[in-house]
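This note's numbering puts the sequence shown at residues 16 to 469.
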Amino acid sequence: MRPARGNTSSSTRSSAPAPSSLGAQWCVIAHSGPPDPHGPAVGGTTVRGVSAPAPTDPVLVAACRTAIGTAGHALSAVPAVDLAAPVVAEVTRRASALDLPVAETVLGNCLGPGGNIARSVALAAGLPITTPAVTVDRQCGSGLEAVRLAVASVRLAAMTEHRSTLVLAGGAESASTAPWRFWPPDAPDAPPQRYTRAPFAPFGFLDPDMGDAADDLAARRGISRHRQDMYAERSHRRAYDARAAGRFAAEIIPVAGLDSDERPRRLTLDRLSRLPPAFDRGAISAPADASGALGTVTAGNSSGISDGAAVVAVTTRAAAQTAGLASVAIRSCAVVAGDPALPGAAAGPAAAAALRAAGLTVGDVGAIEITEAFASVALAFADDLGVDPERLCADGGAIALGHPWGASGAILLVRLMFQMLAPGGAEFGLAACAIGGGQGIAMVLQRCDPAGPA
């Protein structure tokens, strides 16, 4: 049977209710670094007895991104390969003190033309033709997934071959140049049928569009329109102020003449509160608002469709120390899966699993970045972890900056690396994404050195 087309929000199979606790109804895969056979690195233990990063632990030593462009605007003529290639070239340059060849390039992408975008990017960036590359698709978590694979590769080489390697990882998305996709005709005289997204679950499962799912999540969790708008106002204000203060400048490489994020703008709470619901059909359980329309998600409290790329360099702590590069260690990663009808609900359980694997609680973490696909998703994440939403996305998130799907997870890591390595930066950081199809992914980072990124 051909997969269901387009909007597959109706189904013959009922979906489970929202989980009542982080430990319910989730399948979890979590990874953390094994104990180093030579003991902890110099510096002993940190908070809660967590060991300092070991010489064989994977670390980030360089990172940068494009400015994030609004789809159809400044980057509208730049395909994903041309977005990512200059970023790969720049990260390679920033990591050159390692004196290591790039062992592989791993990139996330959701809506490209197919093939292996990472291979094209590596070649376009000037890497040797002998450099392997692979493209991964975990939807909104693709950028983090690419780094997770890079971490595994670097750790494996360090533990089994006793050598340091350098892997570049991240993601790229050009919503502006994404090919149009069609199902073939059902009959000889029928036209092909265009679709804007692939199914995230097979027939028989609820598989709502993301906006409807965000409305439904808000209704299930009791997240009001006012609370969503308050969160969105803070994201817009923080990103606007951060851009004006130049806090994004060091992490951005200009591409196609765009050297600052295109989307941030001042949106007041009053203006946000006047926006109509974006999804007229609303969600399955969303009540009507004062106007009688269904749903609480608006264009102002959700992310924009965007273009952008981000890449990080992953190697071992030992290699970073030898080269004199500041670094941020990847202490743990976790991926969870649950009900595909609740694609915005899995970031919290993923973060909880990653924190457990690292031996930490959310109270130990000083910098938290989540992909703000929708305010309801970010607020559900905060509620799940019992954390004040004020602690999320210190310089604003995807609601204000935009959400280039395949790159967004890597953008979180770029943001965290620069925040953590700044003077007075947090020792521990947390990145998390909710993913279409009911999955979530999260990583815990630890600062190794006080100086800024390479």
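For glycine and all other residues, C-beta sits at the position ideal for the given N, C-alpha and C.
- Excluding the 5 residues flanking it on each side, Arg262 has same chain C-beta neighbours closer than 7 Å at Asp410, in chain order.
- By a beta-carbon distance limit of 8 Å, Val380 does not contact Val162. Their separation comes to about 18 Å.
- Rounded to whole angstroms, the Cβ separation of Ala148 and Arg134 is 4 Å, and the two are in contact under 8 Å.
- Asp322 and Pro203 have their C-alpha atoms spaced approximately 37 Å apart.
- Where Glu188 is concerned, there is no enclosing alpha helix (DSSP H), although the beta strand (DSSP E) around it starts and stops at Leu181 to Ser189.
- Per DSSP, reduced to three states, the secondary structure at Val93 is coil, with no helix or strand assignment.
- For Asp114, the secondary structure class from DSSP, reduced to helix, strand or coil, is coil.
- Residue burial annotation: Arg235 is buried, with at least 16 other C-beta atoms found within 10 angstroms of its C-beta.
- Here Ala366 is near Ala457, since their CB atoms are less than 9 Å apart.
- Assigned with DSSP and collapsed to three states, Cys448 falls in strand.
- The alpha carbon of Ala449 has as its nearest neighbour, out of Leu183, Gly412, Val351 and Thr150, the alpha carbon of Val351.
- Per DSSP, Val136 is one residue of the alpha helix (DSSP H) stretching across Ile132 to Ala139.
- Within 10 angstroms of the beta-carbon of Asp224 lie 16 or more other beta-carbons, which makes it buried.
- Beta bridge pairing from DSSP links Tyr210 with Arg196.
- For the 9 Å CB-CB criterion, Gly421 and Glu188 form a contact.
- DSSP places Pro73 outside any alpha helix (DSSP H); the residue lies instead in the beta strand (DSSP E), whose first and last residues are Pro73 to Arg80.
- Contact check for Leu122 against Ala99 passes: the beta carbons are separated by less than 9 Å.
- Per DSSP, the continuous alpha helix (DSSP H) segment holding Val166 begins and ends at Ser157 to Thr175.
- Sorting Ala205, Pro291, Ile132 and Ala349 by C-alpha distance to the C-alpha of Ile44 places Ala349 at the top.
- Burial check for Ile144: the Cβ neighbour count within 10 Å stays below 16, so the residue is exposed.
- Rounded to the nearest angstrom, the gap between the Cα atoms of Val326 and Asp97 is 13 Å.
- Contact between Glu266 and Phe433 holds, since their C-beta atoms are separated by about 5 Å, short of 8 Å.
- DSSP links Thr120 through a beta bridge to Ala148 and Leu183.
- Taking each of Arg278, Asp201, Arg108 and Leu428 in turn and checking the Cα distance to Ser317, the smallest one comes out for Arg278.
- Counting along the chain, Gln434 sits inside the alpha helix (DSSP H) bounded by residues Ser423 to Leu436.
- Put simply, the backbone Cα of Pro116 is about 41 Å away from that of Arg280.
- Boundaries of the beta strand (DSSP E) around Glu384: Ala382 to Ile385.
- Distances from the alpha-carbon of Ile385 to those of Leu164, Leu142 and Gly156 put Gly156 closest.
- Ala184 is a Cβ neighbour of Thr120, given a cutoff of 9 Å.
- For Arg212, the closest C-alpha among the options Ser168, Asp244 and Arg196 is that of Arg196.
- Per the DSSP secondary-structure output, Arg462 pairs in a beta bridge with Val343.
- A distance below 9 Å separates the beta carbons of Gly444 and Ala382.
- In the three-state reduction of the DSSP assignment, Asp274 falls in the coil class, being assigned neither a helical nor a strand state.
- Each of Ser423, Ser288, Leu113 and Thr107 was checked against the Cα of Thr337, and the nearest Cα belongs to Leu113.
- Contact between Ser342 and Arg332 is confirmed by a C-beta separation of about 6 Å, below the 8 Å threshold.
- Beta-bridge partners assigned by DSSP to Ile456: Val350 and Cys448.
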